[in-house]
Amino acid sequence: MLLAQDRIAGQSLAAKAGLTLAAAALIALGAKIQLPFWPVPMTLQTLAVLVIAAGLGPRLGLAAMGAYMAAGLAGLPVFAGSPERGLGLAYLAGPTTGFLIGMALAMVVTGALAQGRGLGLRALAMIAGTVAIYVPGLIWLSAFVPADRLLAVGVAPFILGDMVKVAIGALALQMVGTRR
(Lines of atoms letter the chains of each structure in order from A and count residues from 1; the text may use other names and numbers.)
(Lines give C-alpha, C1' and ligand atoms only; values in the text may rest on other atoms or scores of the structure.)
Protein backbone atom coordinates (compact mmCIF):
# COMPACT_ATOMS: atom_id res chain seq x y z
CA MET A 1 0.00 0.00 0.00
CA LEU A 2 1.35 3.41 -0.95
CA LEU A 3 0.83 6.28 1.44
CA ALA A 4 2.21 9.78 1.28
CA GLN A 5 5.34 8.78 3.22
CA ASP A 6 6.27 6.37 0.43
CA ARG A 7 6.41 9.25 -2.05
CA ILE A 8 7.87 11.94 0.20
CA ALA A 9 11.51 10.87 0.00
CA GLY A 10 11.94 12.28 -3.50
CA GLN A 11 10.14 15.55 -2.79
CA SER A 12 11.91 18.89 -2.63
CA LEU A 13 12.59 20.61 0.66
CA ALA A 14 9.93 23.18 -0.24
CA ALA A 15 7.35 20.44 -0.81
CA LYS A 16 8.23 18.82 2.52
CA ALA A 17 7.98 22.20 4.26
CA GLY A 18 4.58 22.75 2.68
CA LEU A 19 3.38 19.33 3.86
CA THR A 20 4.70 20.04 7.34
CA LEU A 21 2.91 23.39 7.58
CA ALA A 22 -0.31 21.92 6.19
CA ALA A 23 -0.12 19.12 8.75
CA ALA A 24 0.50 21.66 11.56
CA ALA A 25 -2.57 23.58 10.39
CA LEU A 26 -4.58 20.34 10.45
CA ILE A 27 -3.49 19.71 14.05
CA ALA A 28 -4.58 23.24 14.98
CA LEU A 29 -7.90 22.82 13.20
CA GLY A 30 -8.45 19.49 14.95
CA ALA A 31 -7.84 21.17 18.32
CA LYS A 32 -10.62 23.66 17.60
CA ILE A 33 -13.26 21.19 16.38
CA GLN A 34 -15.30 19.86 19.29
CA LEU A 35 -17.82 17.08 18.84
CA PRO A 36 -20.45 16.18 21.40
CA PHE A 37 -19.42 12.90 22.97
CA TRP A 38 -20.04 11.16 26.25
CA PRO A 39 -18.91 11.78 28.97
CA VAL A 40 -17.02 14.83 27.68
CA PRO A 41 -16.83 16.53 24.27
CA MET A 42 -13.91 15.41 22.15
CA THR A 43 -11.73 17.31 19.73
CA LEU A 44 -10.33 15.92 16.52
CA GLN A 45 -6.76 16.84 17.45
CA THR A 46 -5.58 13.35 18.37
CA LEU A 47 -7.21 11.99 15.21
CA ALA A 48 -5.20 14.52 13.20
CA VAL A 49 -2.00 13.60 15.06
CA LEU A 50 -2.42 9.86 14.52
CA VAL A 51 -3.37 10.17 10.84
CA ILE A 52 -0.51 12.58 10.14
CA ALA A 53 1.97 10.30 11.91
CA ALA A 54 0.80 7.16 10.11
CA GLY A 55 0.48 8.92 6.76
CA LEU A 56 3.59 11.08 6.69
CA GLY A 57 5.91 9.12 8.95
CA PRO A 58 7.80 10.05 12.10
CA ARG A 59 10.06 12.79 10.72
CA LEU A 60 7.49 14.96 9.00
CA GLY A 61 4.95 14.18 11.71
CA LEU A 62 7.32 15.39 14.41
CA ALA A 63 8.20 18.44 12.32
CA ALA A 64 4.49 19.23 11.98
CA MET A 65 3.99 18.91 15.74
CA GLY A 66 7.01 21.17 16.28
CA ALA A 67 5.55 23.78 13.93
CA TYR A 68 2.21 23.55 15.74
CA MET A 69 3.89 23.97 19.15
CA ALA A 70 5.97 26.89 17.84
CA ALA A 71 2.81 28.62 16.62
CA GLY A 72 1.23 28.11 20.03
CA LEU A 73 4.31 29.33 21.89
CA ALA A 74 4.36 32.41 19.66
CA GLY A 75 0.92 33.26 21.01
CA LEU A 76 -1.28 32.10 18.15
CA PRO A 77 -4.55 30.61 19.49
CA VAL A 78 -3.95 27.13 18.08
CA PHE A 79 -4.29 25.10 21.26
CA ALA A 80 -7.62 23.58 22.33
CA GLY A 81 -9.30 26.02 24.68
CA SER A 82 -7.16 28.98 23.65
CA PRO A 83 -7.39 31.91 23.94
CA GLU A 84 -9.80 31.31 26.86
CA ARG A 85 -7.25 29.25 28.81
CA GLY A 86 -4.34 31.49 27.91
CA LEU A 87 -1.87 31.89 25.08
CA GLY A 88 1.77 30.93 24.63
CA LEU A 89 3.62 30.07 27.82
CA ALA A 90 0.55 30.88 29.93
CA TYR A 91 -1.31 28.03 28.22
CA LEU A 92 1.62 25.66 28.66
CA ALA A 93 1.59 26.26 32.41
CA GLY A 94 -1.73 24.39 32.52
CA PRO A 95 -2.65 20.75 33.02
CA THR A 96 -2.67 19.66 29.35
CA THR A 97 0.96 20.34 28.44
CA GLY A 98 1.96 16.72 29.06
CA PHE A 99 -0.58 15.60 26.49
CA LEU A 100 0.96 17.99 23.94
CA ILE A 101 4.37 16.47 24.70
CA GLY A 102 2.75 13.07 24.28
CA MET A 103 1.44 14.07 20.87
CA ALA A 104 4.99 14.77 19.75
CA LEU A 105 6.01 11.36 21.07
CA ALA A 106 3.01 9.79 19.31
CA MET A 107 4.22 11.22 16.01
CA VAL A 108 7.42 9.22 16.39
CA VAL A 109 5.85 6.04 17.78
CA THR A 110 2.90 5.87 15.40
CA GLY A 111 4.91 7.07 12.42
CA ALA A 112 7.61 4.44 12.93
CA LEU A 113 5.26 1.55 13.67
CA ALA A 114 2.70 2.29 10.93
CA GLN A 115 5.10 2.45 7.97
CA GLY A 116 4.20 -0.09 5.32
CA ARG A 117 1.54 -1.75 7.47
CA GLY A 118 -1.97 -2.92 6.69
CA LEU A 119 -5.15 -1.91 8.45
CA GLY A 120 -4.79 -4.02 11.60
CA LEU A 121 -1.16 -3.22 12.30
CA ARG A 122 -1.71 0.44 11.49
CA ALA A 123 -4.55 0.50 14.04
CA LEU A 124 -2.22 -1.09 16.61
CA ALA A 125 0.40 1.55 15.80
CA MET A 126 -2.23 4.22 16.45
CA ILE A 127 -3.15 2.58 19.76
CA ALA A 128 0.55 2.65 20.69
CA GLY A 129 0.56 6.33 19.72
CA THR A 130 -2.46 6.93 21.93
CA VAL A 131 -0.61 5.33 24.85
CA ALA A 132 2.36 7.58 24.02
CA ILE A 133 0.02 10.57 24.40
CA TYR A 134 -1.40 9.38 27.71
CA VAL A 135 1.87 8.56 29.51
CA PRO A 136 3.48 12.04 29.59
CA GLY A 137 0.00 13.54 29.77
CA LEU A 138 -0.79 11.72 32.99
CA ILE A 139 2.64 12.39 34.46
CA TRP A 140 2.18 16.13 33.88
CA LEU A 141 -1.47 16.06 34.98
CA SER A 142 -0.43 14.46 38.28
CA ALA A 143 0.91 17.87 39.33
CA PHE A 144 -2.67 19.18 39.14
CA VAL A 145 -4.82 16.18 40.11
CA PRO A 146 -4.55 13.87 43.15
CA ALA A 147 -3.15 10.42 42.33
CA ASP A 148 -6.35 8.63 43.32
CA ARG A 149 -8.30 10.68 40.73
CA LEU A 150 -5.72 10.69 37.94
CA LEU A 151 -7.17 7.91 35.77
CA ALA A 152 -10.74 9.09 36.39
CA VAL A 153 -9.83 12.59 35.21
CA GLY A 154 -7.13 11.92 32.61
CA VAL A 155 -8.16 8.65 30.94
CA ALA A 156 -11.71 7.50 31.66
CA PRO A 157 -13.52 10.41 29.98
CA PHE A 158 -11.41 10.16 26.83
CA ILE A 159 -10.54 6.53 26.14
CA LEU A 160 -13.72 5.60 24.28
CA GLY A 161 -13.43 8.63 21.99
CA ASP A 162 -9.76 7.90 21.42
CA MET A 163 -10.51 4.33 20.34
CA VAL A 164 -13.19 5.64 17.96
CA LYS A 165 -10.58 8.02 16.51
CA VAL A 166 -8.11 5.14 16.07
CA ALA A 167 -10.72 3.19 14.13
CA ILE A 168 -11.66 6.19 11.98
CA GLY A 169 -8.01 7.08 11.32
CA ALA A 170 -6.94 3.56 10.39
CA LEU A 171 -9.96 3.08 8.12
CA ALA A 172 -9.48 6.47 6.46
CA LEU A 173 -5.84 5.71 5.67
CA GLN A 174 -6.83 2.28 4.38
CA MET A 175 -9.40 3.83 2.04
CA VAL A 176 -6.96 6.46 0.80
CA GLY A 177 -4.23 3.86 0.32
CA THR A 178 -6.41 1.46 -1.65
CA ARG A 179 -7.56 4.18 -4.05
CA ARG A 180 -4.03 4.53 -5.45
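Take 259 as the starting number for the sequence shown in this note's numbering and just add one per residue.
Idealized CB from N, CA, C, for every residue including glycine.
Classify S270 as buried or exposed, calling it buried when 16 or more other Cβ atoms lie within 10 Å of its own Cβ. exposed
Between the Cα of L277 and the Cα atoms of M323, T301 and Q292, which residue gives the shortest distance? M323
Does the beta-carbon of T407 have 16 or more other beta-carbons within 10 angstroms, so that it is buried, or is it exposed? First, the residue type needs correcting, since residue 407 is Arg and not Thr in the sequence shown. The residue in question, R407, is exposed, as its Cβ has fewer than 16 Cβ neighbours within 10 Å.
At what residues does the alpha helix (DSSP H) containing G276 begin and finish? Taken as a continuous stretch (DSSP letters only), the alpha helix (DSSP H) holding G276 covers L271 to K290.
What three-state label does DSSP hand I266 in the structure shown? helix
Under 7 Å between C-beta atoms of A401 and A383: No, Cβ-Cβ distance for A401 and A383 is not below 7 Å.
Entirely within the region 289-314 and at least 4 residues each: give me those alpha helix (DSSP H) ranges in chain order. 303-314
If the criterion is Cβ atoms closer than 7 Å, does the pair I359 and Y326 meet it? Between I359 and Y326, the C-beta gap is not smaller than 7 Å, which leaves the two residues out of contact.
CA-to-CA distance, T354 to G346, given in whole angstroms: 13 Å
Sequence-distant residues of the same chain with beta carbon closer than 8 Å to P394, five excluded per side: G356, F357, I359, G360 and L363
Exposed or buried, which one is A348 when buried takes at least 16 other CB atoms within 10 Å? If you draw a 10 Å sphere on the C-beta of A348, you find fewer than 16 other C-beta atoms in it, and that means exposed.
Grab me the residues of A329's own chain with a C-beta within less than 8 Å of its C-beta, minus the 5 sequence neighbours each way, in chain order. Result list for A329: A282, A286 and V336, in chain order.
Give a yes or no on whether the C-beta atoms belonging to G378 and L399 are separated by under 7 Å. Contact flag unset, no.
Is it true that the CB of L308 sits closer than 7 Å to the CB of G216? There is simply no residue 216 to check, as the chain begins at 259 and stops at 438 in what is shown.
To the nearest angstrom, how far is the alpha carbon of I266 from that of I391? 25 Å
For P316 and V366, which I take to be in contact (beta-carbon distance under 8 Å), what is that distance rounded to the nearest angstrom? Your pair P316 and V366 checks out as a contact, with CB atoms roughly 5 Å apart and the cut at 8 Å.
In whole angstroms, give me the CA-to-CA distance for R343 and G369. 30 Å
Indicate the three-state DSSP secondary structure (helix, strand or coil) for A414 in the structure shown. coil
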